[in-house]
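For reference, the structure discussed in these notes is given below.
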């Protein structure tokens, strides 16, 4: 819109004129009208990345699941709940110069989600069958049209972080992976800090533990460098 | 503690000197270190009930799952995550003159919760097996020692509200059931209003739709009447 265009014009930054898509937060996959499967993503890292990119002058489309942390000011917010809704919103936000898939998207949804609340009185335990969710990172990394020049995925691991994330980069076809260890004892998921390893075509670069804001500023600077 | 005792002493209300337990919010049942099963309870109704009881002079023990709405001021807060933790905290809060079980406790937990993040790369879809959670309402309603004089359960239904809730009252052995329709189209779960039916030994009394605060004040007044 006009206001955003005017603001961008007066913003002086290396990402001025660039459009960057950021996904953030968890997804919620319904089991029935009251129950759902969630994950511990607070949306803090995604929001911080969107803020850092906006601060460098980018126009940011921010596609977010139900996060604890509010979206930053100045970005275009699209709120979604499920992985399927997130993929739809991502596609509608393209074209973009870069895409940062920071959301913790559920790998699976409940195949047999019920329109009525599952009752305990039947005596039997429920049986949940799962279906694979769309793979947003893989899908956009392999898009024939409108693949962003730079596609960045996240890998939340609890074991063998670098090895798993390096394999994930090749499997997904993205350019970079921001990998981190989300084991409960790290306090990273839901916390203020992050300790990431950036994996690109040249290898793995492990950053010191720092605030999610500092991680975001460093990542945004690298994105600006790559898009320059 | 001393401050609470002094405050209660100077609080003039029909529940002065009474201890009431209130549970609130959802429970989260872990699947693995990052995923969990949740429900759409915001904790708004439970927090409003605790506030209303405190306003009438009661000492309130507030056992809450991870709710969106913060606990009211002036109550003793115990934070829990799972149904099992909630039962433990409830037992530790007894004896009480009355107990209001407003939490939306998960009926089932994942029996095979994993210490490592479930990986998508194995190709297979996960199989989640469930185990029945402890039934807090049934357990406290049938407690040999320390059964509160007045035990109040909640019934969140999507179909046949009065019929299901009346059966639930007998099955659980509680004194009253506060029943409501949580179908998504009502906007009640996560919303500001509630439309409840109070079920006691004499039958069902359907209240008009009103704010969760107004429901709470009406319920607190009835509790005071019963405990007088």
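Protein chains in written order, with my numbering: chain E, 6 to 233; chain W, 6 to 233.
Just so you know, even glycine gets a beta-carbon here, dropped at the ideal spot from N, CA and C.
Please read all numbers here as calculations on a predicted model, not as lab measurements.
In terms of Cβ geometry, residue 30 of chain W and residue 108 of chain W form a close pair [threshold 8 Å]. In its chain, beyond the 5 residues on either side, 119, 122 and 123 have a beta carbon closer than 6 Å to the beta carbon of residue 37 of chain W.
Per the coordinates, the alpha-carbon of residue 87 of chain E lies some 21 Å from the alpha-carbon of residue 147 of chain E. For residue 143 of chain E, there is no enclosing beta strand (DSSP E); the residue is part of the alpha helix (DSSP H) that begins and ends at 141–146. DSSP places residue 158 of chain E in the uninterrupted beta strand (DSSP E) bounded by 155–162.
Per the Cβ contact rule, the region 157–175 of chain E is not in contact with the region 128–136 of chain E (fewer than 3 Cβ pairs under 8 Å).
Across the region 122–143 of chain W, CB contacts with chain E closer than 9 Å involve 122, 123, 124, 125, 126, 130, 131, 132, 133, 134, 135, 136, 137 and 140, in sequence order along the chain. Only 109, 111, 112, 113, 116 and 120 from the region 104–120 of chain E bring a Cβ to less than 9 Å from some Cβ of chain W.
The beta carbon of residue 198 of chain W sits no closer than 8 Å to any beta carbon of chain E. With respect to the 8 Å criterion, residue 221 of chain W and residue 197 of chain W are not classified as neighbours on the basis of their beta carbons. Residues of the same chain with a CB within less than 6 Å of the CB of residue 105 of chain W, apart from the 5 flanking positions on each side, are 27, 54 and 157 in chain order. Nearest CB-CB separation between residue 42 of chain E and chain W: below the 8 Å threshold. Of all residues in the region 37–71 of chain W, those with a C-beta nearer than 7 Å to a C-beta of chain E are 38, 39, 40, 41, 42, 43, 44 and 45, reading in chain order.
Listed by position along chain W, the residues whose Cβ is nearer than 7 Å to that of residue 163 of chain E are 38, 121 and 122. DSSP places residue 28 of chain E within a strand segment (E or B) once states are collapsed to three. Counting C-beta atoms within 10 angstroms of its own C-beta, residue 179 of chain W has 16 or more neighbours from the protein chains shown and is therefore classed as buried. Non-local beta-carbon contacts of residue 142 of chain E in its own chain, meaning distances under 7 Å to residues more than five positions away in sequence, involve 106, 158, 177 and 179 in chain order. Close partners of residue 194 of chain E in chain W (Cβ separation under 9 Å): 38 and 39. For residue 216 of chain W, none of the residues of chain E pass the 7 Å Cβ criterion, the least Cβ distance being about 21 Å. The Cβ-Cβ distance between residue 145 of chain W and residue 174 of chain W does not fall below 8 Å. About 19 Å separates the CB atoms of residue 61 of chain W and residue 100 of chain W; that is not less than 8 Å, and the two are not in contact. In the DSSP assignment, residue 171 of chain W falls within the alpha helix (DSSP H) that extends over 166–177.
Within a 10 Å sphere around the beta-carbon of residue 23 of chain W sit 16 or more other beta-carbons, which makes this residue buried.
Pairing residue 211 of chain E with residue 170 of chain E gives a Cβ-Cβ distance that is not under 8 Å. Note on geometry: alpha-carbon atoms of residue 71 of chain E and residue 17 of chain W lie some 42 Å from one another. Sixteen is the threshold: when 16 or more other Cβ atoms of the shown chains lie within 10 Å of the Cβ of residue 76 of chain E, as they do, the residue is buried. Rounded to whole angstroms, the separation of the alpha carbons of residue 59 of chain E and residue 95 of chain E is 18 Å.
Rounded to whole angstroms, the Cβ separation of residue 39 of chain W and residue 187 of chain E is 6 Å, and the two are in contact under 8 Å. Take the alpha-carbon of residue 25 of chain E and the one of residue 226 of chain W: they are about 55 Å apart. For the pair residue 195 of chain W and residue 45 of chain W, the CB atoms are nearer than the 8 Å cut-off. By the neighbour-count criterion, in which a residue is buried when 16 or more other Cβ atoms sit within 10 angstroms of its Cβ, residue 97 of chain W is exposed. In this structure, the CA atom of residue 67 of chain W is about 25 Å from the CA atom of residue 192 of chain W.
Cβ proximity to chain E below 8 Å picks out 176, 187, 188, 189 and 194 from the region 174–195 of chain W. Under a 10 Å Cβ-count criterion, residue 184 of chain W is classified as buried, with 16 or more other Cβ atoms of the shown protein chains found around its own Cβ. In this structure, residue 228 of chain W and residue 78 of chain W do not form a Cβ contact; the two beta carbons are roughly 20 Å apart against a cut-off of 8 Å. As for any beta strand (DSSP E) of minimum length 3 sitting wholly inside the region 62–91 of chain E, the runs are 64–69 and 81–84, ordered along the chain.
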